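Engineer: Letter 176 of the sequence shown, counting from 1, is numbered 172 in the working numbering, and no numbers are missing.
Glycine included, each C-beta is placed from N, C-alpha and C at the ideal position.
Because the structure is a prediction, the values reported are computed rather than measured.
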Amino acid sequence: MTITITAFERSPDGGKGLARDTRVRWALEEAGQAYEVRLVSFRALKEPAHLALHPFGKIPTYEEGELALFESGAIVLHIAEQHAGLLPRDANARARAISWLFAALSTVEPPILEFANAKLLESDKPWSQDRMPLVVDRVRDRLKQLAAHLGAADWLDAAFSAGDLMMVSVLLRLRPSGILDEFPTLAAYVARGEARPAYARAFAAQLAINAPKPTNV
Ligand code: GTB
């Protein structure tokens, strides 16, 4: 059955991997699954056809036969459960990998999003300068805890899993800020994720959509 995901017709980051279709593409590449991409404009995101797939009018979505999913975490978990390569076979190790997937989304991503929003949407507010140190400290506190867990290991729980895929995806959002580099073991962890051939394929596919088209002069 054909898998179709949605992605931005024009990503605000120019296709540099920050939009959340990247994590879905990466999971599909790790799982060796071919997929098609339907590009959606910002206007079309809020129109009935897309809202029928995604109640909040966002990307990514995932369609396969009669199944339609939204939320990158649910999509990555579905892919990981359907195909080998992203979850261990051992039941306990599998449950721990899923814990890390949830930890990435519900414990590590929120302060990072708060920071991104503070920078992008609130920097012109009179209280922004006073608030920013608090927001950055919340990110640093999480990263300190995550770095303490990772220690010198390559991945969060022995072998690479969907939990690492999601954690690396979440941490990547921090790179432009320089905060990630304050934690060299986490910066190296993210680099290990990006070095995976499946990640490179996912990144290249997203970038290709956003690359400037050659003009005939
Ligand atoms: N919790 C949902 C999930 O994980 O799937 C969140 C989905 C979501 O926020 N999607 C965003 C979206 O569709 C794209 S990823 N936004 C459009 C809208 O709300 O109208 C967020 C994102 C977008 C762009 C960048 N960037 O260019 O740097 C980074 C992150």
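Could you tell me which residues DSSP puts in a beta bridge with Tyr58?
Structural biologist: Here residue 58 is taken as the residue at index 62 of the sequence shown, counted from 1. In DSSP, Tyr58 forms a bridge with Ile1 and Leu65.
Engineer: Would a C-beta distance cut-off of 8 Å place Lys54 and Leu35 closer than the cut-off?
Structural biologist: Residue numbering aside, residue 54 sits at position 58 when the sequence shown is read from its first letter. Residue numbering aside, residue 35 sits at position 39 when the sequence shown is read from its first letter. No, they are not a contact pair.
Engineer: So, are the CB atoms of Leu97 and Leu73 less than 8 Å apart?
Structural biologist: Taking the first residue of the sequence shown as position 1, residue 97 is located at position 101. Taking the first residue of the sequence shown as position 1, residue 73 is located at position 77. The answer is yes: Cβ separation under 8 Å.
Engineer: Are the beta-carbon atoms belonging to Val20 and Glu105 less than 8 Å from one another?
Structural biologist: Residue 20 sits at position 24 when you count from the first residue of the sequence shown. Residue 105 sits at position 109 when you count from the first residue of the sequence shown. No, Cβ-Cβ distance for Val20 and Glu105 is not below 8 Å.
Engineer: Rounded C-beta distance between Ser124 and Ala114? I'm assuming under 8 Å.
Structural biologist: To locate residue 124, count along the sequence shown from 1; it is residue 128. To locate residue 114, count along the sequence shown from 1; it is residue 118. The pair is a contact, with the Cβ atoms about 7 Å apart (cut-off 8 Å).
Engineer: Which residues in the same chain have their Cβ closer than 7 Å to the Cβ of Ala155, if we skip the five residues on either side of it in sequence?
Structural biologist: Translated into positions along the sequence shown, residue 155 becomes position 159. Pro84.
Engineer: Among Pro56, Ala158, Leu170 and Arg16, whose alpha-carbon lies nearest the alpha-carbon of Ser95?
Structural biologist: As a first step, residue 95 is located in the sequence shown; it is residue number 99 there, counting from the start. The residue with the shortest Cα to Cα distance from Ser95 is Ala158.
Engineer: Mapping DSSP to helix, strand and coil, what is Arg34?
Structural biologist: Locating residue 34 in the sequence shown gives position 38, where the first residue counts as 1. Of the three classes helix, strand and coil, the one that applies to Arg34 here is strand, per DSSP.
Engineer: Under DSSP, the alpha helix (DSSP H) around Thr228 begins and ends at which residues?
Structural biologist: This structure does not reach residue 228, given that the chain is present from -3 up to 213, and the question cannot be answered.
Engineer: Run through DSSP, which three-state label would Leu130 get?
Structural biologist: Indexing the sequence shown from 1 puts residue 130 at position 134. Helix, per DSSP.
Engineer: Please tell me whether Leu176 and Leu146 are closer than 8 Å, where the distance is taken between their beta carbons.
Structural biologist: What you label residue 176 is simply residue 180 of the sequence shown in a count that begins at 1. What you label residue 146 is simply residue 150 of the sequence shown in a count that begins at 1. Contact flag unset, no.
Engineer: If I'm right that Leu117 touches Ile75 with Cβ under 8 Å, what's the distance once you round it to whole angstroms?
Structural biologist: For this step, residue 117 is matched to residue 121 along the sequence shown. For this step, residue 75 is matched to residue 79 along the sequence shown. Not quite, the Cβ-Cβ distance comes to about 31 Å (not below 8 Å), so this is no contact.
Engineer: Would you check whether ligand 1 has a heavy atom nearer than 7 Å to the C-beta of Ile55?
Structural biologist: For the purposes of this step, residue 55 is identified with residue 59 of the sequence shown, where counting begins at 1. Correct: Ile55 has its Cβ closer than 7 Å to ligand 1.
Engineer: I'd like the list of long-range same chain contacts for Arg169, defined as Cβ closer than 7 Å, with 5 residues on each side in sequence excluded.
Structural biologist: As a working mapping, residue 169 is identified with position 173 in the sequence shown. For Arg169, where only same-chain residues beyond five positions count, the Cβ hits under 7 Å are Leu14, Ile108 and Ala112.
Engineer: Given that a residue counts as buried once 16 or more other Cβ atoms are within 10 Å of its Cβ, and exposed if not, what is Arg16?
Structural biologist: On the sequence shown, residue 16 is found 20 positions in, with the first residue counted as 1. The residue in question, Arg16, is buried, as its Cβ has 16 or more Cβ neighbours within 10 Å.
Engineer: Going by the C-beta, is Ser119 closer than 7 Å to any heavy atom of ligand 1?
Structural biologist: On the sequence shown, position 123 is the one that residue 119 refers to. Answer for Ser119: no, Cβ out of range of ligand 1.
Engineer: To the nearest angstrom, how far is it from the Cα of Phe38 to the Cα of Asp9?
Structural biologist: Here residue 38 refers to the residue found at position 42 of the sequence shown. Here residue 9 refers to the residue found at position 13 of the sequence shown. Near 14 Å, if we compare the C-alpha coordinates of Asp9 and Phe38.
Engineer: Just to confirm the assignment, what range does the alpha helix (DSSP H) spanning Arg6 have?
Structural biologist: Indexing the sequence shown from 1 puts residue 6 at position 10. That residue, Arg6, is in no alpha helix (DSSP H); it is neither H nor E in DSSP.
Engineer: By the 10 Å Cβ neighbour count, where 16 or more other Cβ atoms means buried, how is Glu62 classified, buried or exposed?
Structural biologist: In the sequence shown, residue 62 corresponds to position 66, counting from 1. Classification for Glu62: exposed.
Engineer: Check Glu26 in the structure and name its three-state DSSP category.
Structural biologist: Start at 1 with the first residue of the sequence shown, and residue 26 comes out as number 30. Here Glu26 sits in helix by DSSP.
Engineer: By the three-class DSSP mapping on this structure, what secondary structure does Thr211 have?
Structural biologist: Here residue 211 corresponds to residue number 215 of the sequence shown, with the count starting at 1. Note: Thr211 maps to coil in three-state DSSP.
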